[in-house]
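If you're matching them up, the sequences are chains A and B in order. Be aware that the first sequence starts at 65, since it is given in this note's numbering, and climbs by one per residue. Be aware that the second sequence starts at 152, since it is given in this note's numbering, and climbs by one per residue. See below for the structure under consideration.
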Amino acid sequence: MPLSVIPPSAFLLPGAPRPSQTVYTLTLPTPAFDVIPPLRRKIKGRLAAWGVPDAYADNLLLSASEIMTNLVKHPARKADTVQVQLRQEEGRLVLDVSDDSTPFAAFMAKCQYAAGDRGHDGVPEHGNGLRCILQMHSEVAYIPATESDDGLNHFIVRDQLKIPAHTRHAPLLASDSMPTPRKLVFLVDDNPVTLDLHKKILQEHYTLRCFGCAADVPAAFAERRPELVISDLHMPGLDGIALRRQLSLIDGGDAVPFIFLSHDIASAHRLDVNRLGIDDYLCKPISAERLLAVTARLMQRATQFATAVQGRFNKQLTAMLHPAMPRLHAGWHIATRSHAAEAGGGDFILHHKNGDRMLAVIADIMGHGQEAKFFAFAYAGYLRSLMQLFGNDCLPAPFLSHVSRAVRDDSFLDSTMMTCLAFELMPEGRACVATAGHPPPYLIARGGGACTGDVVDIAGPLPGLLADHNYQQKDLSLRQGDILILATDGFFETLDREAILSALRQAPPAAEAAADRLWTSYQDALQRSLLAADDATLIVLHYGDEP
Amino acid sequence: MSTITQNYQLKNRPDYSHLAFVGDLDAATVEAIRPLVQAQMPPLCRNIIVDLGEVDFLDSHGVGFFASLLKRCHRNGGQLYIAAAHGQPASVLRMVGFNNTLVVYCANSSEAEIRAETAA
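Written out as C-alpha cells, the structure reads:
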C-alpha cells in the first residue's frame, strides 16, 4: 500500500485564502461514542445534498467515524470541542476534523506502522482505522496544535475527486441521471386476439400489463397504480362498468384515466360517462394511430393536471413560508430578502414580540425541492408553537435548547436536518444570538464612514444532535449605524467577508439599501460562479436612525 | 445496553456458531458486544459464521473484532465464514485485506452454514 501522507503545507488551512469554497461545519462538545452515529447521519445528508457519489461518501463517512473514535479513545486529555468541517476547495472535497485535545503523537510513525503491518493472520486487530484512511484518500495530513495557526489539531483528508459544478449546491435529481421510466398501462379484454393486437400497438411506447379477466385487475391496481386503464366493456363475470366502479373505490383510483373500448358503441353512448368518471370510449375495431393518439392525449392531460395541483400546493406553501419581519422594532430597522429554488426550498423566518423585546429565528432545512419545503412547513409550525410557549421569557440559547430537545424526541423531525439561529432584539442596540449549526452572523461597524467587521464568534451543534445540550449565546451591543447580517448558508457560501464589506461600502446607511446592495452582489456572484441558485435568505438589521 | 445487545444474535450449533449483526457495527457497538459474544461462544468453537446481511456500516473496530474471531477459529483449527457482506461493509473488508485466503465469503447465511457443517 502506498503511504500517501503529505506535508501539512500542501493544505489550505483555516485562515488561509480559500477560493470558491463551500463549507459545512458541525461543532461538537467532548467527543463520546453516542455522538458518532448521528454525526455520520448528518454528514451523509450533507454529502447527498452536494451530490457526492455514494462510494466516495462512504469513504468520508468511514474516515469521519474513525477520526472521531480515535478522539474518544486515545487522547490523554480529552477534547472540549471538536469541529467537523466539510469543505469544497475548488471543487475538491475536504474533511477537516479539528480538536483541542492532546495531539496525536508520532503520527508519521503510526502511518508507517499501519501501512506496513499485516498482523498475525493478515489482518491485525488494531490500527485498521488509520490503514483505511490512508488507503481511501489520496491526501492525508495531521497538523498538531503546536504547528497549526489556530492552536487546534487538524486531521485532514482530501481527494482528487472533482465534484461537478452543477452538483455543488444542488442534489442530483433523478432526472439528471436516470432515464424517464415508461408509463404503465393496464389492458383489459377477455378476447385474447384483441388483447394481443392492442398490446402490439402500444408496447413500443408503454409498459403494459394485460388482463384476460377483469377480476384480476383491482388487486394489481392496488399494488401498483397504472397511468391509464384501457378496458373492454362487455366481459363475463366482472364487466367494464363494474371494474370501473371497483377501481373508483380504491384510494386515488378516480384519478387514473379510464378508456372503454367496445364493439357495442350504442351501449357505450348510453353510459353515464360523467358519473362513472370515464375519460373516453372508443369503438372497435380501432386503428393503431387512433389508439396511440387517444392514449397519448389522456396521458398528457393527466400529467398537466398533476403538475397544476402540485404547483398550486407548492405556491401555497411558499406563500406561507415567505419571510415576514416587522420593518422597525425598538430602534432596529429590518430588511429581508429571500430566494426559493425553483422546485421548492427550505428557509424560513419566525418572530415573536414581547413588548420592546423580539425573539426571532432564521432556519434552513437541509435538502431541496418539495420534500424540503414540506419539512420547512412542518418545522415552522413546530417552532411557532414553541415560540408561543416559551417566547415571552426565553432568550435565544435556552430557546434553541428547547428546540433541540423537541427535535431529538420527535422521530418525524429528526428524520431531516435543520440549522437555525435564534436572536433577540432589544432597545438601545442590544442584541443576543445563539446558533444551532447555522452560519454565525456578521457584525459590521459603520461609524465615522468606515466599514469594518467580521463574523460573530458563536457556534453550536445542530438541533437534536446531542442529548440535553445547553446552547451558548453571545450578547452584542451595536452603536448607531452598525449592521448585523444574518443569512442561510446558501448566501454565505456565495459571499465571503470581503464581498460583504465591499457591498456595504457602496450602500447608504439604511437597512433596505444595505439589503439591496448585498442581494445584488449575491446574485452577481452566483451568476459569475455558474452555480445553481440554492435557497437563500438574508436579514439585515440596522441599528439607529435612517435618513 | 439492551438496544446494543439487540444488535446481534448468536446461535451456537454443534459444528459452528452463527453470529448475525444488525445495523451499524462501529466502535460503540463492538465495545459493548465483544465481551458478551466472547462469553456466550463455546471456547473451542472451530467455525464461526459472521452474517452481515443486515449490516449497513462497518468500521475498523468491527474489522478488528472479526480479526479476533478469525484468530480464534484458526487457533481451534477451523475457519471464519463471512456471509452476505454487501455495500460499504464489503468494501471495508476488501480494503483491509480480508480476502478469501483468510476467510470464506458466502453469498448468504445458509450457504455458509452448509460449508461450515461440511468442513467440520
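Glycine included, C-beta positions come from ideal geometry on N, C-alpha and C. Since this is a predicted model, take the numbers as computed values, not measurements.
- Within the stretch 275-321 of chain A, the runs of beta strand (DSSP E) that reach at least 3 residues and sit entirely inside it are, in chain order, 292-296.
- Under DSSP, the beta-bridge partners assigned to isoleucine 233 (chain B) are B:Val201, B:Tyr256.
- Residues of the same chain with a CB within less than 6 Å of the CB of alanine 579 (chain A), apart from the 5 flanking positions on each side, are Ala399, Arg401, Val604 in chain order.
- Minimum Cα-Cα distance from valine 99 (chain A) among the listed residues A:Leu414, A:Asp254, A:Val136 corresponds to A:Val136.
- If you look at cysteine 347 (chain A), you'll find it in the beta strand (DSSP E) that goes 344-347.
- Not a single CB atom of chain A sits nearer than 8 Å to the CB of glycine 229 (chain B).
- Assignment of threonine 166 (chain A) by DSSP, reduced to helix, strand and coil, places it in the coil class.
- Rounded to the nearest whole angstrom, the CA to CA distance from glutamate 291 (chain A) to lysine 247 (chain A) is 6 Å.
- Counting along the chain, cysteine 196 (chain A) sits inside no beta strand (DSSP E); it lies in the alpha helix (DSSP H) bounded by residues 192-200.
- Around the Cβ of valine 221 (chain A), a 10 Å sphere holds 16 or more other Cβ atoms; the residue is buried.
- As summarised for the stretch 486-518 of chain A, the continuous beta strand (DSSP E) elements at least 3 residues long and confined to that stretch are 494-500, 506-509, given in chain order.
- The beta carbon of glutamate 203 (chain A) does not come within 8 Å of any beta carbon belonging to chain B, so the residue lies off that interface.
- Within a 10 Å sphere around the beta-carbon of leucine 302 (chain A) sit 16 or more other beta-carbons, which makes this residue buried.
- Taking a cut-off of 8 Å for Cβ pairs, the stretch 314-327 of chain A and the stretch 351-371 of chain A touch, as three or more such pairs fall below it.
- Contact between isoleucine 265 (chain A) and alanine 352 (chain A) holds: their C-beta atoms lie close to 4 Å from each other, under 8 Å.
- Against chain A, a Cβ distance below 8 Å from valine 243 (chain B) picks out Leu126, Cys196.
- Boundaries of the beta strand (DSSP E) around glutamine 160 (chain B): 159-163.
- Methionine 246 (chain B) and threonine 359 (chain A) have their C-alpha atoms some 52 Å from each other.
- For the pair of segments examined, the stretch 561-573 of chain A was found to touch the stretch 500-519 of chain A: the number of CB pairs separated by less than 8 Å reaches three.
- Contact check for aspartate 546 (chain A) and arginine 494 (chain A): beta-carbon distance about 12 Å, past the 8 Å limit, so the pair fails to qualify.
- When the alpha-carbon of glutamine 364 (chain A) is set against those of A:Ile350, A:Pro349, A:Ala306, A:Asp343, the nearest one is in A:Asp343.
- In this structure the stretch 192-203 of chain B touches the stretch 228-238 of chain B; the number of beta carbon pairs closer than 8 Å is three or more.
- The DSSP-derived three-state label of glycine 174 (chain B) is strand.
- Of the candidates A:Asn418, A:Gln267, A:Pro390, A:Ile305, the residue whose Cα lies closest to the Cα of leucine 355 (chain A) is A:Gln267.
- In the three-state scheme derived from DSSP, where H, G and I count as helix and E and B as strand, alanine 388 (chain A) is classed as coil.
- Shown here, serine 129 (chain A) sits in a helix according to DSSP, grouped into three states.
- Chain-ordered, the chain A residues with CB closer than 7 Å to the CB of glutamine 239 (chain B) read Asp122.
- In the three-state reduction of the DSSP assignment, tyrosine 443 (chain A) falls in the helix class, which pools H, G and I.
- Beta-bridge pairing by DSSP links tyrosine 206 (chain A) to A:Phe219.
- With respect to valine 188 (chain B), tyrosine 159 (chain B) sits close: the two C-beta atoms are nearer than 8 Å.
- Considering only A:Cys196, A:Val281, A:Gly395, A:Val425, the residue with the shortest C-alpha distance to glycine 215 (chain B) is A:Cys196.
- Taking one beta carbon from each stretch, the stretch 523-531 of chain A and the stretch 453-470 of chain A have 3 or more pairs nearer than 8 Å; the two touch.
- Contact residues of the stretch 185-209 of chain B toward chain A are Phe208, Leu209 (C-beta to C-beta distance below 9 Å).
- Asparagine 418 (chain A) carries a strand assignment under DSSP once its states are collapsed to helix, strand and coil.
- Rounded to whole angstroms, the gap between the alpha carbons of serine 162 (chain A) and phenylalanine 208 (chain B) is 24 Å.
- Comparing alpha carbon positions, the residue from A:Lys348, A:Phe487, A:Asp532 closest to leucine 259 (chain A) is A:Lys348.
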